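Peer 1:
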Amino acid sequence: MASGARVIEGHATAREMLREVHQAVHDLSEEHRLTVTLAIVVVGQDAATLRLIENKKARAEEAGVRTQLHTLPQETSDEEIITVIDGLNHDGSVHGILVQHYLPRYRDARRLIEAVDPAKDVDGFHTRNAGLLANDVPAFVPCEALAGIHLIKRFVEPRPVGWHAVVVGDTHRTGRPAARLLLSERCTVTVCNEDTRDLADISGQADILVAATNRAGMIRARHVKPGAAVVDLGRSRITVNDELRIVGDVRFDEVREVAGWVTPVPGGVGPVAIAMLMRNVVTACRRQNRLDEKARHAGAA
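As numbered in the numbering used here, the sequence shown has no gaps in its residue numbers, which increase by one up to the final residue, 502.
1. State the DSSP-derived secondary structure class of GLU255, mapped to helix, strand or coil.
2. Tell whether a beta-carbon distance below 8 angstroms holds between ALA240 and LEU289.
3. Beta-carbon separation of MET419 and ASP454 under 8 angstroms?
4. Taking DSSP as the reference, what is the three-state secondary structure of VAL266?
5. Tell me which same chain residues have a C-beta within less than 7 angstroms of the C-beta of ARG438, skipping the five on either side of it?
6. Among residues of its own chain, excluding the 5 on either side of VAL392, which ones have a beta-carbon nearer than 6 angstroms to its beta-carbon?
7. Where DSSP assigns a beta bridge to LEU239, which residues make up the other side?
8. Three or more C-beta pairs under 8 angstroms: does that hold for the region 330-338 against the region 356-363?
9. Suppose the cutoff is 6 angstroms on Cβ atoms and the five residues either side in sequence are ignored; what does the same chain contact list for ALA316 look like?
10. Using C-beta distances below 7 angstroms, list every residue in its chain close to GLU217, excluding the 5 sequence neighbours before and after it, in chain order.
11. Could you tell me which uninterrupted alpha helix (DSSP H) segments, each at least 4 residues in length, are contained entirely in the region 384-449, listed from first to last along the chain?
12. In the DSSP assignment, what are the bridge partners of VAL451?
13. Tell me the residue span of the beta strand (DSSP E) that contains HIS365.
14. State the CB to CB distance for the pair ASP279 and ASP309, rounded to an integer number of angstroms; the pair is presumed to be in contact (CB under 8 angstroms).
15. Which value, in whole angstroms, describes the spacing of the CA atoms of GLU345 and MET477?
16. Note down, in chain order, each residue of its chain lying with its Cβ closer than 8 angstroms to the Cβ of ASP402, except the 5 sequence neighbours on either side.
17. Would you check if the distance between the CB atom of ILE353 and the CB atom of ALA430 is smaller than 8 angstroms?
18. By the three-class DSSP mapping on this structure, what secondary structure does VAL456 have?
19. Assuming VAL226 is part of the alpha helix (DSSP H), what are its boundary residues?
20. How is ARG381 classed by DSSP in three states: helix, strand or coil?
21. Compare the C-alpha of PRO378 against each of HIS351, GLU395, SER404 and TRP364 and name the closest.
22. Which residues bound the alpha helix (DSSP H) around ASP309?
23. Please report the residue range of the alpha helix (DSSP H) in which LYS321 lies.
24. To which residues does DSSP link LEU273 through a beta bridge?
25. Using a Cβ-Cβ cut-off of 6 angstroms (strictly less than) and excluding sequence neighbours within five positions of HIS424, which residues of its own chain qualify?
26. Looking at the secondary structure, which residues open and close the alpha helix (DSSP H) in which ARG487 lies?
27. Could you compute how far the alpha carbon of GLY297 sits from the alpha carbon of GLU276?
28. Does DSSP put ARG207 in a helix, in a strand, or in coil?
29. Around the C-beta of ALA485, are 16 or more other C-beta atoms found within 10 angstroms, so that it is buried, or is it exposed?
30. Nearest to ALA213 by alpha carbon, out of GLY468, ILE409, ASP396 and HIS233?
Now the structure itself:
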């Protein structure tokens with residue numbers, strides 16, 4: 202590598218987290234006879250989405266989390282999908298519900314996400330969970346944002362108090378929750394988007410640069426302060442020589458020459474985000490069975 206940039210790979214961190222989740226799942230089974238369960242609702246047969254779901258199922262199996270896959274035909278109406286979600290909301294054996302990310306464009310994605318019980322919204326997309334995060338109340342946080350900040354704290358600086366963080370992208374799924382998490386770490390946070398004037402001048406001041414626009418290759422070397430930590434939360438599908446590829450917002454080979462740290466796509470934030478999802482399912486199981494509340498009462502007795 203031509204420069205001193207450190208590439209933050211997520212696979213090892215994810216494996217470590219999944220081992221911890223597996224132990225927690227085992228303890229819940231042994232001590233409380235609970236089977237931690239994640240239900241996945243998929244509509245249609247989009248090949249890339251199905252590969253993503255299979256990857257999540259494999260990581261769930263690695264963590265000991267049981268999965269239920271509910272695959273619905275492409276022509277299924279929103280009302281029928283919501284009926285399935287409502288059934289899962291009322292199923293006490295299901296602790297987390299995941300609705301596929303890449304819903305067909307004609308779907309009302311927000312309506313489907315809002316149909317999920319916030320207590321089972323392990324992806325952290327429900328409006329109620331977003332509101333709790335905005336008020337620094339413990340809640341489920343979107344896993345990509347959570348994973349990105351986790352990697353910063355693990356590999357760059359465990360307490361980035363006073364650091365200037367610039368988040369490029371203000372979506373509800375990545376940019377906004379990442380900004381909230383950085384604020385909770387006492388960073389000075391600037392939120393931009395792809396239409397921000399003089400973006401490179403602003404992003405070039407960042408100690409931590411979070412890219413979250415889902416615009417392939419938008420962040421270039423000129424956007425990066427030398428030695429900065431660059432976290433790529435973007436995910437876009439592009440076709441190169443008739444081959445479908447997943448790429449991030451950051452032009453990796455260019456930015457790695459300038460940055461101090463950089464996460465690749467794929468293989469950076471993604472694996473850790475899936476591990477965070479499994480951790481959230483365990484948390485949901487504990488909350489729904491009031492185990493932490495019971496433990497506090499037992500300790501006070």
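C-beta: ideal position from N, C-alpha, C; glycine also. Since the model is a prediction, treat every value here as computed from it, not as a measurement.
Peer 2: Concretely, from the data shown:
1. Here residue 255 refers to the residue found at position 54 of the sequence shown. Helix at GLU255.
2. In the sequence shown, residue 240 corresponds to position 39, counting from 1. In the sequence shown, residue 289 corresponds to position 88, counting from 1. ALA240 is a Cβ neighbour of LEU289, given a cutoff of 8 angstroms.
3. Residue numbering aside, residue 419 sits at position 218 when the sequence shown is read from its first letter. Residue numbering aside, residue 454 sits at position 253 when the sequence shown is read from its first letter. No, Cβ-Cβ distance for MET419 and ASP454 is not below 8 angstroms.
4. Stepping through the sequence shown from its first residue, residue 266 is reached at position 65. Coil.
5. On the sequence shown, position 237 is the one that residue 438 refers to. ALA249, LEU445 and ILE447.
6. The count along the sequence shown starts at 1 and reaches residue 392 at position 191. If the five residues before and after VAL392 are omitted, its C-beta is found closer than 6 angstroms to the C-beta atoms of VAL368, ASP371 and ALA380, all from its own chain and listed in chain order.
7. As a first step, residue 239 must be located in the sequence shown, where it is residue number 38. Within the DSSP bridge table, the entry for LEU239 names THR268 and GLY297 as partners.
8. Touching, no.
9. Walking along the sequence shown from the start, residue 316 turns up at place 115. Sequence-distant Cβ neighbours of ALA316 in its own chain, meaning closer than 6 angstroms and more than five residues away, are ILE283 and ILE286.
10. Sequence index remark: in the sequence shown, residue 217 carries index 16 (1-based). Within the same chain, no Cβ atom closer than 7 angstroms to the Cβ of GLU217 is found once the five residues on either side in sequence are excluded.
11. With a minimum length of 4 residues, the continuous alpha helix (DSSP H) runs that stay inside the region 384-449 are 400-404.
12. Position 250 of the sequence shown, counting from 1, holds the residue named residue 451. Note: VAL451 sits in a beta bridge opposite ILE420.
13. Here residue 365 corresponds to residue number 164 of the sequence shown, with the count starting at 1. Run containing HIS365: 365-369, per the beta strand (DSSP E) assignment.
14. For the purposes of this step, residue 279 is taken as the residue at position 78 of the sequence shown. For the purposes of this step, residue 309 is taken as the residue at position 108 of the sequence shown. Confirmed, about 6 angstroms.
15. Within the sequence shown, numbered from 1, the residue matching residue 345 stands at position 144. Within the sequence shown, numbered from 1, the residue matching residue 477 stands at position 276. Each residue's Cα considered, the two are about 8 angstroms apart.
16. Residue numbering aside, residue 402 sits at position 201 when the sequence shown is read from its first letter. Within the same chain, ASP402 has no close Cβ partners at all.
17. Along the sequence shown, one-based indexing puts residue 353 at 152. Along the sequence shown, one-based indexing puts residue 430 at 229. Cβ distance < 8 angstroms, so ILE353 and ALA430 count as in contact.
18. The residue you call residue 456 lines up with position 255 of the sequence shown. Of the three classes helix, strand and coil, the one that applies to VAL456 here is helix, per DSSP.
19. Locating residue 226 in the sequence shown gives position 25, counting from the first residue. If you look at VAL226, you'll find it in the alpha helix (DSSP H) that goes 212-233.
20. As a first step, residue 381 is located in the sequence shown; it is residue number 180 there, counting from the start. Looking at ARG381 - three-state DSSP - the assignment turns out to be helix.
21. Within the sequence shown, numbered from 1, the residue matching residue 378 stands at position 177. It is HIS351.
22. Within the sequence shown, numbered from 1, the residue matching residue 309 stands at position 108. Taken as a continuous stretch (DSSP letters only), ASP309 belongs to no alpha helix (DSSP H), as it is neither H nor E.
23. Counting from 1 along the sequence shown, the entry for residue 321 is found at position 120. No alpha helix (DSSP H) holds LYS321; DSSP gives it neither H nor E.
24. If you number the sequence shown from 1, residue 273 lands on position 72. Within the DSSP bridge table, the entry for LEU273 names VAL244 as partners.
25. For the purposes of this step, residue 424 is taken as residue 223 along the sequence shown, with counting starting at 1. Residues of the same chain with a CB within less than 6 angstroms of the CB of HIS424, apart from the 5 flanking positions on each side, are ALA401 and SER404 in chain order.
26. Counting from one through the sequence shown, the residue named residue 487 turns up at place 286. Here the alpha helix (DSSP H) through ARG487 covers 470-489.
27. If you number the sequence shown from 1, residue 297 lands on position 96. If you number the sequence shown from 1, residue 276 lands on position 75. Here the alpha carbon of GLY297 sits roughly 25 angstroms from the alpha carbon of GLU276.
28. Counting from 1 along the sequence shown, the entry for residue 207 is found at position 6. In the structure shown, ARG207 sits in a strand (DSSP, three-state: E or B).
29. Position 284 of the sequence shown, counted from the start, is the residue given in the question as residue 485. Around the CB of ALA485, 16 or more other CB atoms lie within 10 Å, so the residue is classed as buried.
30. Taking the sequence shown and counting its residues from 1, one reaches residue 213 at position 12. Closest by C-alpha distance to ALA213, out of GLY468, ILE409, ASP396 and HIS233, is GLY468.
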